[in-house]
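Working notes, beginning with the structure itself.
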Amino acid sequence: MSLLVVPLAPEETNLLTLGELDELLSCERVLFEQPQHPLRARLEEAGVGCADIDDEQETGETNRALVADPGSVRVLELARGGARVSAGAARPPDDLTAAQAAPVLRRAAAALSGVVAIMARLRSEDGCPWDQEQTHESLKIHLLEEAHEVLEAIDSPESEDLAEELGDLLLQVVFHSRLAEQEGRFDVADVASALEAKLVLRHPHVFSDVGVSGAAEVLKNWETIKTTEKGRSHPFDGIPRTLPALLKTAKMQKRAAALGFGASEPEARARLDDALADAVTRESLGVALFWLVALARACGIDPEGALASHLDEFRASLPPS
């Protein structure tokens, strides 16, 4: 039987699941990285043999476990060597994933469930009058504002607001999920489960035996999987019509490039020059902007980010009124 690794910090003992405890109680011996771990005394009281990892001796026992610090290098090393890694109430797709996530997994599960609980209370008859009145429609503007505030925080590396802004954006996800739950459509657990399944499905080069040569092939596979998954009949299906034109152009070109219809830098530059060779009209300017985006992509530059950066410079160049 392979070694069971239980990543569990001393202060996380209350986050141990009943299933994990049952497995530990059934072990012939449980090793501990931290000798004073509070779980050790409980297991010893139950008659389980315990020892420090540094005092481990070959005893011939096959049913053993290791209670390790979640951030310990041993967790990842043992997972790569074939050990089983528990993950509390979470259900990662494999042991290596559980090991990679160990430093945050239990704390995240506890914290996120707290947010879900608070939102359930706020939307209840015992909750907040404002929250009770909200609808998907009324929250749209808040979702948009919070997304832009996250972008603002990302663009200000010296700012310490990113964690807070991400929390505000997460609130919108939990809020809309609670509304949908009360409508009998889905709940936040369905949202998370669907996202987990999607991530595994769209990364066969990580969770299956599909080989890739690099990021470009990953993107190509991603688009192929999405097309099959959603039953798309057109390569641009699923791109929101309400996206700003510059962002929509980049997204459409990215989708086309993944299907083999990308433009090289010389080609994009030549098409741009052709579009601007004659009198500028609404149509020719649209063509020029299209190929300008293509040129940016061919050069590895995000056109939206490049324009936003220049707008910041332009704003700073003007004297205050």
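Going by our numbering, 1529 is the number at position 239 of the sequence shown; the sequence numbering is gapless.
Yeah, the Cβ is synthetic: ideal placement off N, Cα and C, and Gly gets one too.
For residue i and residue j, what's the separation of their Cα atoms in angstroms?
{"i": "A1407", "j": "C1418", "result": "14 angstroms"}
{"i": "E1436", "j": "V1405", "result": "17 angstroms"}
{"i": "P1292", "j": "E1423", "result": "One detail in the question is off: residue 1292 reads as Ser in this sequence, not Pro. So the two alpha carbons sit approximately 53 angstroms from each other."}
{"i": "R1411", "j": "V1481", "result": "19 angstroms"}
{"i": "S1607", "j": "H1600", "result": "10 angstroms"}
{"i": "A1388", "j": "A1567", "result": "58 angstroms"}
{"i": "L1583", "j": "G1504", "result": "For the sequence presented, residue 1583 should be read as Val rather than Leu. Approximately 23 angstroms between the Cα atoms of the pair."}
{"i": "T1377", "j": "P1494", "result": "In the sequence as displayed, the identity of residue 1377 is Ala instead of Thr. Cα to Cα, the separation comes out at about 22 angstroms."}
{"i": "L1597", "j": "M1409", "result": "38 angstroms"}
{"i": "E1439", "j": "N1353", "result": "51 angstroms"}
{"i": "S1362", "j": "V1320", "result": "17 angstroms"}
{"i": "V1295", "j": "L1368", "result": "8 angstroms"}
{"i": "S1403", "j": "D1342", "result": "33 angstroms"}
{"i": "V1577", "j": "S1554", "result": "16 angstroms"}
{"i": "A1558", "j": "T1303", "result": "59 angstroms"}
{"i": "I1431", "j": "T1425", "result": "11 angstroms"}
{"i": "V1464", "j": "D1458", "result": "10 angstroms"}
{"i": "S1483", "j": "L1305", "result": "21 angstroms"}
{"i": "S1467", "j": "A1479", "result": "9 angstroms"}
{"i": "L1366", "j": "V1500", "result": "23 angstroms"}
{"i": "R1475", "j": "D1344", "result": "53 angstroms"}
{"i": "G1309", "j": "S1316", "result": "11 angstroms"}
{"i": "E1448", "j": "L1311", "result": "44 angstroms"}
{"i": "R1492", "j": "R1413", "result": "34 angstroms"}
{"i": "R1561", "j": "R1572", "result": "16 angstroms"}
{"i": "E1486", "j": "D1445", "result": "28 angstroms"}
{"i": "L1456", "j": "V1570", "result": "43 angstroms"}
{"i": "I1529", "j": "E1513", "result": "12 angstroms"}
{"i": "E1454", "j": "L1460", "result": "10 angstroms"}
{"i": "D1563", "j": "P1610", "result": "37 angstroms"}
Below 8 angstroms on the Cβ atoms is my contact criterion, and I expect residue i with residue j to pass it. Report the Cβ-Cβ distance as a whole number of Å.
{"i": "F1497", "j": "V1490", "result": "5 angstroms"}
{"i": "V1452", "j": "A1443", "result": "Here residue 1452 turns out to be Leu, not Val, going by the sequence shown. So it is a contact: roughly 4 angstroms between Cβ atoms."}
{"i": "R1401", "j": "A1379", "result": "What sits at residue 1401 in the sequence shown is Ala, not Arg. Wrong, their Cβ atoms sit about 13 angstroms apart, outside the cutoff."}
{"i": "D1385", "j": "A1373", "result": "7 angstroms"}
{"i": "G1337", "j": "E1318", "result": "Actually they are not in contact, since the Cβ atoms of G1337 and E1318 sit about 11 angstroms apart, beyond 8 angstroms."}
{"i": "V1357", "j": "E1323", "result": "7 angstroms"}
{"i": "S1574", "j": "A1565", "result": "5 angstroms"}
{"i": "F1580", "j": "T1539", "result": "6 angstroms"}
{"i": "P1593", "j": "L1533", "result": "Contact flag wrong, Cβ pair sits at about 13 angstroms."}
{"i": "Q1462", "j": "L1429", "result": "7 angstroms"}
{"i": "P1325", "j": "P1300", "result": "P1325 to P1300, Cβ: 11 angstroms. No contact."}
Between which two residues does the beta strand (DSSP E) containing residue i stretch?
{"i": "R1319", "result": "R1319 to F1322"}
Pick out whichever of the options has its Cα sitting closest to the Cα of residue i.
{"i": "A1355", "options": "P1297, V1500, A1567 and G1378", "result": "P1297"}
{"i": "M1542", "options": "D1451, P1525 and L1329", "result": "P1525"}
{"i": "T1314", "options": "R1332, E1302 and T1532", "result": "Reading off the sequence, residue 1314 comes out as Leu, not Thr. It is R1332 whose Cα lies nearest to the Cα of L1314."}
{"i": "G1415", "options": "Q1472, A1392 and R1381", "result": "Reading off the sequence, residue 1415 comes out as Glu, not Gly. Of Q1472, A1392 and R1381, the residue nearest in Cα terms is Q1472."}
{"i": "T1307", "options": "A1391, V1338 and R1396", "result": "R1396"}
{"i": "E1427", "options": "L1469, P1530, S1446 and E1335", "result": "L1469"}
{"i": "L1441", "options": "A1341, C1317, G1595 and D1344", "result": "G1595"}
{"i": "N1511", "options": "P1530, A1540, A1565 and A1547", "result": "A1547"}
{"i": "D1527", "options": "R1545, E1450 and A1569", "result": "R1545"}
{"i": "L1549", "options": "A1558, E1555, I1515 and L1562", "result": "I1515"}
{"i": "G1590", "options": "A1506, E1513, W1420 and R1561", "result": "A1506"}
{"i": "A1588", "options": "P1609, G1552, K1488 and V1394", "result": "G1552"}
Which stretch, first to last residue, makes up the alpha helix (DSSP H) that contains residue i?
{"i": "G1457", "result": "L1452 to Q1472"}
{"i": "S1316", "result": "Run containing S1316: none; DSSP gives neither H nor E here."}
{"i": "T1387", "result": "D1385 to L1412"}
{"i": "D1563", "result": "E1555 to A1565"}
{"i": "P1328", "result": "P1328 to E1335"}
{"i": "H1493", "result": "Here H1493 belongs to no alpha helix (DSSP H), and DSSP marks it neither H nor E."}
{"i": "L1306", "result": "That residue, L1306, is in no alpha helix (DSSP H); it is neither H nor E in DSSP."}
{"i": "G1595", "result": "P1593 to S1607"}
{"i": "D1421", "result": "P1419 to E1423"}
{"i": "R1572", "result": "R1572 to A1588"}
{"i": "I1529", "result": "No alpha helix (DSSP H) holds I1529; DSSP gives it neither H nor E."}
{"i": "E1435", "result": "H1426 to I1444"}
{"i": "L1366", "result": "V1363 to R1370"}
{"i": "R1545", "result": "A1535 to A1548"}
State the beta-bridge partners of residue i as determined by DSSP.
{"i": "D1342", "result": "F1322"}
{"i": "P1297", "result": "A1358"}
{"i": "V1375", "result": "V1295"}
Less than 8 angstroms between CB atoms is the rule here; does residue i satisfy it with respect to chain C?
{"i": "E1334", "result": "Among the chains in the structure shown there is no chain C, since it carries only a single protein chain."}
Check whether the Cβ of residue i lies closer than 7 angstroms to any heavy atom of the ligand MG, and answer yes or no.
{"i": "T1539", "result": "In the structure on display, the ligand MG does not appear, and there are no ligands present to speak of."}
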